[in-house]
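Asks: Next up is a structure, given as structure tokens.
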Amino acid sequence: MPPPWCDNLKLLSFSTKVLSLFQLLFIVKDSYGDGKCYRPCFGPVWKVKIYNELSKGYVHVEGNTVVANYTGDGTVYKISKGANFYLYDANAAKFICWSSRRNNKKTTLVAKKYKHQSLRLCEFRDIVSTNHRNSHVHLLPSFSKDLKMKFNRNGRFSMKKCNQHKSRHQHKKCLSAADFLVVSAVNDSDDLCSCPEAKAHFCQTELRNMTELQEICNLTWPRSNETYET
């Protein structure tokens, strides 16, 4: 017969699992809110807004630059790829990507048009923020554990490190440069999960050639009827 302390360990382990599950559910609820859409627009495509905590603006594409100072609609599309995802600004018709590290140049964020087999530097993953654990995430490239998407208070990409601030307030403010709130872009007046323009945009353009979209787009628009828009 096992000693009584074994039962206590099992109970503690179960309590820890329940607490972790509750924390995860809290993150999802706090990010998306009650009455929001929990499903993609279609296939792997989600309609989201990405809000930066320091700049107080949404991430969007401005020319060939990625900024986080937009206070308007701020909608971008998230295209899932397993545990990773792409971010696409339909207004600019460009992906949010990382620049290459050629010629010892510093890595930064850039906006790129779609080219077949050219999205390796456009894959992101997210992890729960260490600064706002219950609601925010950090956005990292899929190919690196060291880089994080960060913006300064003006909404410009930043590589600033946060280990030189003496006050706790300044340190926490610096950390918030990498904190993002990813929320549903569906308006309260819209039907939940209704975004028909997404399917038209992705399946009636060359974006349908993406591996993640080929199957779902072929079911909707057979290739014999396709006419690409630019």
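Residue numbering for the sequence shown is -33 to -1, 1 to 197, as defined by mature numbering (1 follows the signal peptide of the UniProt record, and there is no 0). For each residue, glycine too, the CB sits at the ideal point set by N, CA and C.
Per DSSP, what kind of secondary structure is K79 in: helix, strand or coil?
Replies: Residue state, collapsed to three classes: strand.
Asks: Looking at the strands, I want to know which residues DSSP matches up with W13.
Replies: Answer is K45.
Asks: Between which two residues does the alpha helix (DSSP H) containing C184 stretch?
Replies: C184 -> alpha helix (DSSP H) spans Q181 to T187.
Asks: If I follow the unbroken beta strand (DSSP E) through K140, where does it start and stop?
Replies: Premise fails: K140 lies in the alpha helix (DSSP H), R135 to L142, not in any beta strand (DSSP E).
Asks: I need the straight-line Cα distance from R120 to W188, nearest angstrom please.
Replies: Each residue's Cα considered, the two are about 43 Å apart.
Asks: Can you tell me where the alpha helix (DSSP H) holding K166 begins and where it ends?
Replies: P163 to C170 is the extent of the alpha helix (DSSP H) around K166.
Asks: Return the chain-ordered list of same chain residues with a C-beta closer than 7 Å to the C-beta of N185, the five sequence neighbours on each side being excluded.
Replies: Cβ neighbours of N185 beyond the five flanking positions: none.
Asks: Taking the alpha carbon of C89 as the point to measure from, which residue in S111, K127 and P7 has its own alpha carbon closest?
Replies: That would be S111, whose Cα lies nearest to the Cα of C89.
Asks: Give me the residue from Y44, C64, T97 and E29 with the minimum Cα distance to residue 198.
Replies: Nothing in the structure corresponds to residue 198, since the chain is present only between -33 and 197.
Asks: Between which two residues does the beta strand (DSSP E) carrying D93 extend?
Replies: Per DSSP, D93 belongs to the beta strand (DSSP E) from F91 to V95.
Asks: What did DSSP end up calling K60 once you bin it into helix, strand or coil?
Replies: Just to set this straight, residue 60 is Ala in the shown sequence, not Lys. A60: coil per DSSP, three-state reduction.
Asks: Here's the rule I'm using: 16 or more other beta-carbon atoms within 10 Å means buried, otherwise exposed. How should D146 be labelled?
Replies: Buried is the call here.
Asks: Taking L21 as the reference, give the member of H103, S134 and E173 with the closest Cα.
Replies: Comparing Cα positions, the closest option is H103.
Asks: For H138 and Q171, I'd like the C-alpha separation in whole angstroms.
Replies: Going from the Cα of H138 to the Cα of Q171 covers about 47 Å.
Asks: What does a CB cutoff of less than 7 Å around C129 pick up in its chain, not counting 5 residues either side in sequence?
Replies: Closer than 7 Å at the Cβ level, and outside the excluded window around C129, lie H138, C141 and L142.
Asks: Quick check: A60 and K80, are their CB atoms within less than 8 Å of each other?
Replies: Cβ atoms of A60 and K80: closer than 8 Å.
Asks: Assign residue 198 to one of two classes, buried (16 or more other C-beta atoms within 10 Å of its C-beta) or exposed (fewer than that).
Replies: With the chain represented from -33 up to 197, any question about residue 198 goes unanswered, as that position is not in the structure.
Asks: May I ask you to report which of helix, strand or coil DSSP gives N121?
Replies: Coil.
Asks: Are K14 and T38 touching if we call contact CB-CB under 8 Å?
Replies: Cβ atoms of K14 and T38: not closer than 8 Å.
Asks: Beta-carbon within less than 7 Å of H83's beta-carbon, same chain only, minus the 5 sequence neighbours each way: which residues are those?
Replies: So the qualifying residues of the chain are N176.
Asks: Would you mind giving the Cβ-Cβ distance between F91 and L114, rounded to the nearest angstrom? I have them listed as a contact below 8 Å.
Replies: The pair is not a contact, with the Cβ atoms about 10 Å apart (cut-off 8 Å).
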